[in-house]
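Working notes for the structure below.
Numbering (the working numbering), first residue to last: 10 to 170.
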């Protein structure tokens, strides 16, 4: 998109906090559960163990976000070399313009460059547009992992990097 800039920012950057609050509010509307309860910390997204990106429009307003954090074999179903996708979000008025796909590609490239072997993500059945994005981008269902691995509405996907 013309004038669109994707920048690396800390997870606790004010623009990241603003967009995170918006995505959490959307999860509340869709699921009625108060939002994603997965624990995240700013350090999770620090190089080389992750990255957090924000897309800014031509007015320098934050319009989309996403990040990944390193995961290795653990009791929650992750495997060594995993990069876990978190907080993919595009503000409502900017949807349908390919922003999520651009953020996703940038995150995959970054995780690959950091030596991660697989991108994994968890989403839910009440986010059909997210599932469509991921499956059209080469993601396939995988063994469930993470905080929501026992939740019926949860779906997990993975893609080799």
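Built from N, CA and C at the ideal position, the CB exists for glycine as well. Keep in mind that this is a model prediction, so the values were computed, not measured.
query, result
"Taking Cβ positions, are residue 71 and residue 42 nearer each other than 8 Å?", "no"
"Would you identify the three-state DSSP class for residue 28, choosing helix, strand or coil?", "helix"
"Rounding to the nearest angstrom, what Cα-Cα distance links residue 165 and residue 97 in this structure?", "14 Å"
"Cβ atoms of residue 20 and residue 51: under 8 Å apart, would you say?", "yes"
"Which class does residue 169 belong to by DSSP, given the choice of helix, strand or coil?", "strand"
"Measuring only the C-alpha atoms, how far is residue 89 from residue 140?", "24 Å"
"Three Cβ pairs or more, each shorter than 8 Å: is that satisfied between the region 100-108 and the region 148-155?", "no"
"Count the C-beta pairs between the region 27-46 and the region 76-85 that are closer than 8 Å, then say yes if the count reaches three, no if not.", "no"
"Where does residue 88 sit, in a helix, a strand or coil, going by DSSP?", "coil"
"So which of 125, 111 and 30 has the shortest CA-CA distance to residue 87?", "125"
"What are the boundary residues of the alpha helix (DSSP H) that residue 137 is part of?", "137-145"
"Helix, strand or coil for residue 101, going by three-state DSSP, please let me know.", "helix"
"If we ignore side chains and look at the alpha-carbon of each, how far apart do residue 163 and residue 46 end up?", "13 Å"
"Rounded to whole angstroms, what is the Cα-Cα separation between residue 149 and residue 73?", "24 Å"
"So, for residue 109: in the same chain, excluding its five sequence neighbours on each side, which residues have a beta-carbon less than 7 Å away from its beta-carbon?", "73, 97, 99 and 142"
"Quick one: what does DSSP say residue 23 is sitting in, helix, strand or coil?", "helix"
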